[in-house]
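Take a look at the structure set out below.
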Ligand code: GDP
Ligand code: MG
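Pasting the structure below:
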């Protein structure tokens, strides 16, 4: 039998971002080293983080490294990306639904172009909390210069809606070497993350939602829908809506099972089969969602941030224009939609675009929802919903 995961602390997803060579990977290694000495992480050396593990998400390949560690109050999954392009793809595909980001800025160089771009992207994609690691502080003796760089970073963040981001002066390199002053600074950085980034309520406190993967008929009992619970909890006897793709049925959950075992309730992360009272086989279908009654209003018009894959990444060879009608894959849904590029005349493979999308049928959507754009069986882009319009 599989051993149950014992959850003792709330879990958060964070990641390093910032300009190339400002020290993201060194800092990530240093965090694991400092915490490993307290028994709260496994030390992951620089080379292992930087070995460019490839992952595929929504049909798109990205280079990403995950490390795990704990502080006194939280469990963190932390992602680090080798290159700027990986960061952009990772953010847009939703590979890391970051609860908070550690912006790494070299005290020697200050704010650089990718620093700005990552802050902009982080804001657009709905990451609400940023903590600044003013790195390489060991290499700058002039305190006035350090103050000046800190001011510059604070101005950048304030201008993008992060007015109270804490700034902590660190040296990933010296902390890795075990220098007590800088080991303490890593502690201060983690304290700032613990304090500044709140525990998200995405899992159990959020209204119940489960994308429908399949629909079955169990003779003598009725219609059952299966799927992985995305958020919230559903209990026996609760009223739910099954909706999306133009349909909507209100019903009551009269049975819950997981892998053939009966349950009183199913929660975020569970694979569940729900028996629905009085629902006929044809009333519901794959691609819809089961949601707490009244909690979801399907929508078909939204704005999004989209990344078009290059030909090398498996994307298109030719540009797109407004009126382009690919397939949109959202959760288990596959629906046609039309893109409006707004002011832009063309979308060239490799571009990041702000677009408006009109889906052929309404789907349960919220800001932050990731989706893939496909054409002829190939993924040609990925996007994140920025605002639901109608
Ligand atoms: P990344 O591209 O942001 O992941 O940066 P890296 O972690 O690969 O670091 C880039 C370079 O900066 C390497 O040569 C590091 O040794 C150096 N570096 C990283 N952190 C520090 C630091 O705190 N102090 C100093 N002096 N150098 C650092
Ligand atoms: Mg790196």
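Residue numbers (the working numbering): 29 to 418. Positions of the beta carbon are idealized from the N, C-alpha and C atoms, including for glycine. Bear in mind the structure is a predicted one, so any value in this text is a computation, not a measurement.
Residue burial annotation: residue 246 is exposed, with fewer than 16 other C-beta atoms found within 10 angstroms of its C-beta.
Counting along the chain, residue 117 sits inside no beta strand (DSSP E); it lies in the alpha helix (DSSP H) bounded by residues 112-121. In the structure shown, the three-state DSSP call for residue 77 is helix.
One residue after another in chain order, those with a Cβ under 7 Å from a heavy atom of the ligand MG are 52, 53, 78, 108 and 110. At least one heavy atom of the ligand GDP sits closer than 7 Å to the Cβ of residue 166. For residue 56, the enclosing alpha helix (DSSP H) starts and ends at 52-64. Under the DSSP definition of a beta bridge, residue 43 partners with 107 and 129. The ligand GDP never approaches residue 277 closely enough for any of its heavy atoms to be under 7 Å from the residue's Cβ. Of the residues assessed, residue 418 falls on the exposed side of the cut-off, its CB having fewer than 16 other CB atoms within 10 angstroms. Taking a C-beta distance under 8 Å as the contact criterion, residue 315 and residue 390 do not qualify as a contact pair. Distance from the CA atom of residue 191 to the CA atom of residue 146, rounded to whole angstroms, is 16 Å. For residue 128 and residue 396, the gap between their C-alpha atoms comes out near 14 Å.
Set against 7 Å, the gap from the CB of residue 199 to the closest heavy atom of the ligand GDP is smaller.
The region 301-318 and the region 237-246 touch, with no fewer than 3 CB-CB distances between them shorter than 8 Å.
Of the other Cβ atoms in all chains shown, fewer than 16 fall within 10 Å of the Cβ of residue 364; this residue is therefore exposed. Setting aside the 5 residues that flank it on each side, residue 208 has no residue in the same chain whose C-beta is closer than 7 Å to its C-beta. Residue 232 and residue 176 have their C-alpha atoms some 43 Å from each other. When only Cα atoms are considered, residue 118 and residue 194 end up about 24 Å apart. Residue environment: residue 56 is assigned as buried (16 or more neighbouring CB atoms within 10 Å of its CB, all protein chains considered). Excluding sequence positions up to five before and after residue 235, its CB lies within less than 6 Å of the CB of 260, 320 and 323, all in the same chain and listed in chain order. Its chain contains 294, 298, 299, 300 and 301 as the residues whose beta carbon lies nearer than 8 Å to that of residue 286, once the 5 sequence neighbours on both sides are disregarded; these appear in chain order.
In the DSSP secondary-structure assignment, residue 355 is bridged to 364 and 402.
For residue 390, the enclosing beta strand (DSSP E) covers residues 380-391.
A contact is defined here as three or more CB-CB pairs under 8 Å, and the region 36-48 fails this definition with respect to the region 196-204. At least one heavy atom of the ligand GDP is found less than 7 Å from the C-beta of residue 48. In this structure residue 166 is buried. Its beta-carbon is surrounded by 16 or more other beta-carbon atoms within 10 angstroms. In terms of side-chain proximity, the C-beta atom of residue 163 is found nearer than 7 Å to a non-hydrogen atom of the ligand GDP.
For residue 94, the three-state secondary structure derived from DSSP is strand. Annotation: residue 268 to residue 216 spans about 45 Å, alpha carbon to alpha carbon. Less than 8 Å divides the Cβ of residue 81 from the Cβ of residue 92. DSSP places residue 318 in the strand class (E or B) of the three-state scheme. Within 10 angstroms of the beta-carbon of residue 213 lie 16 or more other beta-carbons, which makes it buried.
For the pair residue 90 and residue 265, the Cα-to-Cα distance works out to about 43 Å. Ranked by how close their Cα comes to the Cα of residue 254, the residues 283, 226, 228 and 211 have 283 in first place. Annotation for residue 374: 347, 348 and 349 place their beta carbon closer than 8 Å to its own, counting only its chain and skipping 5 residues before and after. For residue 132, the distance from the CB to the nearest heavy atom of the ligand GDP is below 7 Å.
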